[in-house]
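Numbering (the numbering used here), first residue to last: 47 to 156. Glycine included, C-beta positions come from ideal geometry on N, C-alpha and C. Note that the coordinates shown come from a computational prediction; the quantities given were computed from them, not determined experimentally. Report on the following structure.
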Amino acid sequence: MSVEKVTIRGGGKFIYSVSSKLQDWDNGRGPVTYEVAVIETCDENYKPEERRLAMRWHGSGNSGLGFPNSFGHSSWFEVDPQLEISILNGLGLSAKVFSETLSHLSYKPT
């Protein structure tokens, strides 16, 4: 569920989907999917700042917004850079996807 603009601090942009998986459990309101992605954060003038790993649960049920969400809009949780490699290791990614993700994360916007 990629979107061009994402709701994060200062605005931002969706860059690359690392992993998106339908969970094999039901919360009583429909199936739940999580996604881990690379996003690009922006400053208050919408100038690109940095790329970060982010994640969220996609919506089901009445609102369809998932979590986190803010003021009626889906949003993304930015992962602390010190945790990025541990999270990527825990996803069981192929070597190709792992490498592509690291390449996206190491890109420095100008």
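Euclidean distance between Cα positions of residue i and residue j
i: C61; j: S121; result: The displayed chain sequence assigns Ile, not Cys, to residue 61. Answer to the nearest angstrom: the Cα atoms are 14 Å apart.
i: P94; j: F117; result: 23 Å
i: L68; j: T156; result: 35 Å
i: H104; j: V82; result: 11 Å
i: T147; j: Y153; result: 10 Å
i: S48; j: Y80; result: Caution is warranted here: a pLDDT of 42 is assigned to S48, below 50, making its placement in the model unreliable, and no coordinate value can be reported.
i: L134; j: S140; result: 10 Å
i: L151; j: V84; result: 7 Å
i: S142; j: S66; result: According to the sequence as given, residue 142 is Lys; it is not Ser. Cα to Cα, K142 sits roughly 16 Å from S66.
i: C88; j: F144; result: 24 Å
i: H119; j: E90; result: 19 Å
i: S132; j: Y92; result: 29 Å
Nearest-angstrom beta carbon gap, residue j and residue i [assumed within contact, 8 Å]
i: L137; j: V64; result: 7 Å
i: P114; j: R102; result: 6 Å
7 Å Cβ cutoff met for residue i and residue j
i: E130; j: A100; result: no
i: K59; j: E96; result: no
Per DSSP, the bridge partner or partners of residue i
i: P94; result: C88
i: G58; result: T87
i: L139; result: The partner list for L139 (beta bridge, DSSP) is empty, contrary to what the question assumes.
i: E124; result: A100
i: T147; result: In DSSP, T147 forms no bridge with anything.
i: Y80; result: K67, W103
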